[in-house]
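Using my numbering, read the sequence shown as starting at 97 and increasing by one per residue. Where a beta carbon is used, it is the ideal one built from N, C-alpha and C, also for glycine. Please read these numbers as outputs of a predicted model, since none were measured by experiment. Structure first, commentary second.
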Amino acid sequence: MSPLKPSICRGPPCFRLDSQRKLCTHKRLRCAARAEASASRQRPDALLFDCDGVLVDTEPDGHRVAFNEAFKQKGIHHVWDLELYGRLLETGGGKERMTAYFTECESEEPFKSLTDREQRQALVKELHLLKTDLFMKMVEDGMMPLRPGVKRLVSEAIQAQVPVAVCSTSNERAVSTIVRVLLGPEVESKMRVFAGDVVEKKKPSPDIYNLAASELKVDPSRCVVIEDSVIGMQAAKAAGMRCIVTKSRYTEGESFDSADAIFDCIGDAGEERFSLDDVCTPGAIWEKK
């Protein structure tokens, strides 16, 4: 009988197997850590956007132009230049803006010959309806592009099942047209619009944001608002919501001390200023604050 040969342990294969097992264990631990971190981060209950200046930079070359054209068509000899319109934006709401302006210069037409309050209101309403039609035509003709990053952030929120809505002092038809034409019918079906005279008091009153939180059945303190103006920021903060400001052409010089974060825009892919992940809790934006 031949003597038994001693068994040989092949070192390298045993070493490779052990290393592979350790590597797999480390990968599993890293994945588990990432999953745990993701689970501990809370998405906003809702993402709420202002319209003018946030979705689209509509004010200087959109609403202002439409107001002037409405005045012209009705034989009212007033022109709102860029500087004047910038000051008028301190008043929220188109009808309120016209009323304040024409009252300030009521020694001139059209308020000069309209001393009755109801007559003045009727004229302002008529002008605003015409102005809205003119503005909607501009949107439908592609004259008002979305601001950078809006479509990306809205898509991220919808994919993550975070409710999205628009909260604006502008006419509801105009806001809905912007959403439908520029963001598309699929987004339109998922994006609520709270706008116009749906609340009695306009921004800086928090009423529009309070209404949105109530209708969406969400906690205001867990909502994130994107605004571009001081009066919009004040409305959001008064509602107890977090507010990110993306400055627009008319508001770049304003002071936003109460904002939770300030950017020049949301930013398209590759040039993102922030994403949905950044506005989670905890998130990069709030950690910087």
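Helix, strand or coil, according to DSSP, for residue i in the structure here?
{"i": "S251", "result": "helix"}
{"i": "R345", "result": "coil"}
{"i": "E368", "result": "coil"}
{"i": "I172", "result": "coil"}
{"i": "I327", "result": "helix"}
{"i": "L230", "result": "helix"}
Counting only the same chain and skipping the five closest in sequence on each side, list residues whose C-beta sits under 6 Å from that of residue i.
{"i": "Q395", "result": "In this structure the chain extends from 97 to 385, so residue 395 is not present and cannot be described."}
{"i": "T265", "result": "G188, G189, K298 and K299"}
Between the alpha carbons of residue i and residue j, how many angstroms are there, rounded?
{"i": "P241", "j": "L278", "result": "7 Å"}
{"i": "S272", "j": "E284", "result": "8 Å"}
{"i": "D373", "j": "A308", "result": "22 Å"}
{"i": "G149", "j": "T211", "result": "35 Å"}
{"i": "T195", "j": "P378", "result": "44 Å"}
{"i": "V250", "j": "S351", "result": "26 Å"}
{"i": "K208", "j": "E202", "result": "5 Å"}
{"i": "D293", "j": "E192", "result": "11 Å"}
{"i": "R160", "j": "D177", "result": "8 Å"}
Kindly indicate which residue of the options has the alpha-carbon position closest to the one of residue i.
{"i": "E252", "options": "I304, S351, H173 and K286", "result": "K286"}
{"i": "T154", "options": "Q138, K343, D353 and A357", "result": "K343"}
{"i": "I254", "options": "S371, W382, L225 and D353", "result": "S371"}
{"i": "V320", "options": "I327, M232 and M337", "result": "M337"}
{"i": "Y305", "options": "G158, I340 and A261", "result": "A261"}
{"i": "I274", "options": "D146, R137, D141 and A142", "result": "D146"}
{"i": "E205", "options": "Q257, E179 and V175", "result": "V175"}
{"i": "Q215", "options": "K227, T199 and D356", "result": "T199"}
{"i": "R288", "options": "K221, V258, G349 and V326", "result": "V258"}
{"i": "V326", "options": "Y346, G292 and P316", "result": "Y346"}
Quick one: residues in its chain with C-beta nearer than 8 Å to the C-beta of residue i, no 5 flanking neighbours on either side, listed in chain order?
{"i": "R130", "result": "With a pLDDT of 45 at R130, under the threshold of 50, the predicted position of this residue should be treated as unreliable, though the coordinate-derived value follows. Once the five neighbours on either side are set aside, R130 has no close Cβ partner at all."}
For residue i, I'd like the list of residues in its chain whose CB is within less than 7 Å of its CB, leaving aside the five on either flank, ordered along the chain.
{"i": "A270", "result": "T228, F231 and M232"}
Beta strand (DSSP E) runs wholly inside the stretch 253-297, at least 3 long, in chain order: 260-264 and 287-291
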